[in-house]
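Below is one structure, written out as structure tokens; comments come after it.
There are 2 protein chains.
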Amino acid sequence: MLFKLYLSAMAFQKERSAGYLANQMARLFAKGLHERIRPLGLAPAQFMTLLPLWDEDGISQSELVRRLDVEQATMANTLTRMERDGLIERRANPGDGRSQAIHLTPKAKALRDPATVAARAQNEAALADFSEDERQAFLALMRRAIASMHKD
Amino acid sequence: MLFKLYLSAMAFQKERSAGYLANQMARLFAKGLHERIRPLGLAPAQFMTLLPLWDEDGISQSELVRRLDVEQATMANTLTRMERDGLIERRANPGDGRSQAIHLTPKAKALRDPATVAARAQNEAALADFSEDERQAFLALMRRAIASMHKD
DNA sequence: AGAGCTTGAATAGCATGCTATGCAATGATA
DNA sequence: TATCATTGCATAGCATGCTATTCAAGCTCT
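Each protein sequence line maps, in turn, to chains A and B.
Reminder that position 67 of the first sequence reads as 840 in the numbering used here, one-by-one numbering, no gaps.
Reminder that position 31 of the second sequence reads as 804 in the numbering used here, one-by-one numbering, no gaps.
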């Protein structure tokens, strides 16, 4: 197997790299979603942060970090921008002086339907020519890759 | 089909959203790659930018933009950081006073092998439990989603 | 030649993410 | 109870990306 000796010198083809394609795909998803929800005054990370809050208002920042799997500092900054934009309020948590309860404003509550519709439309645009089986397979493969990288 | 009427009000489940999974997957790829190439003094976007340059030294910024599909402003900033880090030089292009030829330093040329090995290792970590067929299918599905979003 | 369009880059400003720190409120334990 | 560890957040600093703007160099066309 002589070719194995030359593996490290072989051209690294980005079109065949899962990481390269994942980056490009994620940027296109974010860009497309941003265009669709910009009229609502939302940015992608704000939409993502609203998802758990629409289901359960008043959870803490640390709970959001757990559910969305981003770093605490990232969430703190996103919440600051959402507060600035009138989407959330940080209220003192009576039970624990360290944590704050994140509450949605009426404005944020009203965005649930249109924002959800926009996000579904973006997913549909990406998977337009996928069959139902292909969609399920694609989601399953992404979940496995995520789980595999999470192990480290 | 009454349920259709309630589609917009249905919970948007992030685990079933291709865009959400793509974002999470891309972040994990970038984080893992960054850890692996940090000892080389490289960041992910710098590695990506080196790929076309290792194949063809001296191309222009606009050519890099075309090959890597990022915005011109993004590339300009990445190149500024790479110049700062001693990876590239911007030289005047004799044929066209507007463009500059991007040339690799010996330091950048020497990083080709170890950086390529690191990137392959990250892809392998993500796809560790994928069969060869699954890997090919995964890459093909990502390329199709990218192409579909590119149409807009 | 001169006006106007096109192209290649830089810069400003902002959103997302990450790591590293620092700090205050809790909790656990000797 | 005094000390130490843990937990919840904020902030600083930086890398990537994007849009919008500006500027200079080339090109076109009359």
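We put the CB at the ideal spot given by N, CA and C, even for glycine.
Excluding the 5 residues flanking residue i on each side, which residues of the same chain have their C-beta closer than 6 Å to its C-beta?
{"i": "Gln819 (chain B)", "result": "Met855"}
{"i": "Phe785 (chain B)", "result": "none"}
{"i": "Arg916 (chain A)", "result": "none"}
{"i": "Lys787 (chain B)", "result": "Tyr793"}
{"i": "Arg765 (chain A)", "result": "The requested residue 765 (chain A) does not occur in the structure, where chain A is confined to residues 774 to 925."}
{"i": "Thr822 (chain B)", "result": "Thr851"}
{"i": "Leu900 (chain B)", "result": "Arg908"}
Of the choices the options, whose alpha-carbon is the least far from that of residue i?
{"i": "Gly868 (chain A)", "options": "A:Ile832, A:Gly859, A:Val843, A:Arg811", "result": "A:Ile832"}
{"i": "Ala881 (chain A)", "options": "A:Glu907, A:Gly859, A:Leu841", "result": "A:Gly859"}
{"i": "Pro879 (chain B)", "options": "B:Gln895, B:Ile861, B:Asp886, B:Ala894", "result": "B:Ile861"}
{"i": "Leu801 (chain A)", "options": "B:Tyr793, B:Gln895, B:Glu808", "result": "B:Tyr793"}
{"i": "Ile919 (chain A)", "options": "B:Ala795, B:Lys787, B:Met783", "result": "B:Ala795"}
{"i": "Asp925 (chain B)", "options": "A:Leu815, A:Gln895, A:Met848", "result": "A:Gln895"}
{"i": "Gln797 (chain A)", "options": "B:Glu907, B:Arg811, B:Glu844", "result": "B:Glu844"}
{"i": "Asp906 (chain A)", "options": "B:Leu914, B:Glu905, B:Ala901", "result": "B:Leu914"}
{"i": "Arg789 (chain B)", "options": "A:His923, A:Gln909, A:Met922, A:Ala799", "result": "A:Gln909"}
{"i": "Ser921 (chain B)", "options": "A:Ser835, A:Ala799, A:Arg857", "result": "A:Ala799"}
{"i": "His749 (chain A)", "options": "A:Met783, A:Asp842, A:Arg857", "result": "Since the first residue shown for chain A is 774 and the last is 925, residue 749 (chain A) is missing from the structure and cannot be characterised."}
For residue i, name the three-state secondary structure that DSSP assigns.
{"i": "Ser904 (chain A)", "result": "coil"}
{"i": "Glu829 (chain A)", "result": "coil"}
{"i": "Ala865 (chain A)", "result": "strand"}
{"i": "Ala816 (chain B)", "result": "coil"}
{"i": "Leu884 (chain B)", "result": "coil"}
{"i": "Ala799 (chain B)", "result": "helix"}
{"i": "Ala784 (chain B)", "result": "coil"}
{"i": "Leu877 (chain B)", "result": "strand"}
{"i": "Gly932 (chain A)", "result": "Since the first and last residues shown for chain A are 774 and 925, residue 932 (chain A) lies out of range."}
{"i": "Arg871 (chain B)", "result": "coil"}
{"i": "Leu860 (chain A)", "result": "coil"}
{"i": "Glu844 (chain B)", "result": "coil"}
{"i": "Lys924 (chain B)", "result": "coil"}
Leaving out five residues before and five after residue i in sequence, what residues of the same chain have Cβ atoms less than 8 Å from its Cβ?
{"i": "Ala883 (chain B)", "result": "none"}
{"i": "Asn866 (chain B)", "result": "Ser833, Ser872, Gln873, Ala874"}
{"i": "Leu813 (chain B)", "result": "Leu884, Pro887, Ala888, Ala891"}
{"i": "Glu836 (chain A)", "result": "Pro825"}
In its own chain, which residues sit with a C-beta less than 7 Å from the C-beta of residue i, not counting the 5 before and 5 after it?
{"i": "Ala898 (chain B)", "result": "Gly805"}
{"i": "Phe903 (chain B)", "result": "Phe911"}
{"i": "Arg840 (chain A)", "result": "Pro825"}
{"i": "Arg864 (chain A)", "result": "Gln873, Ala874, His876"}
{"i": "Pro817 (chain B)", "result": "Ala803, Leu806, His807"}
{"i": "Asp830 (chain B)", "result": "His876, Leu877"}
{"i": "Glu838 (chain A)", "result": "Checking the displayed sequence, the identity of residue 838 (chain A) turns out to be Val instead of Glu. Hits under 7 Å: Gln845, Met848."}
{"i": "Leu815 (chain A)", "result": "Leu884, Ala888"}
{"i": "Ile810 (chain B)", "result": "Phe820, Ala888, Ala891"}
Pairs of beta-carbons, one from the region 886-901 of chain A and one from the region 861-872 of chain A, closer than 8 Å: are there three or more? no
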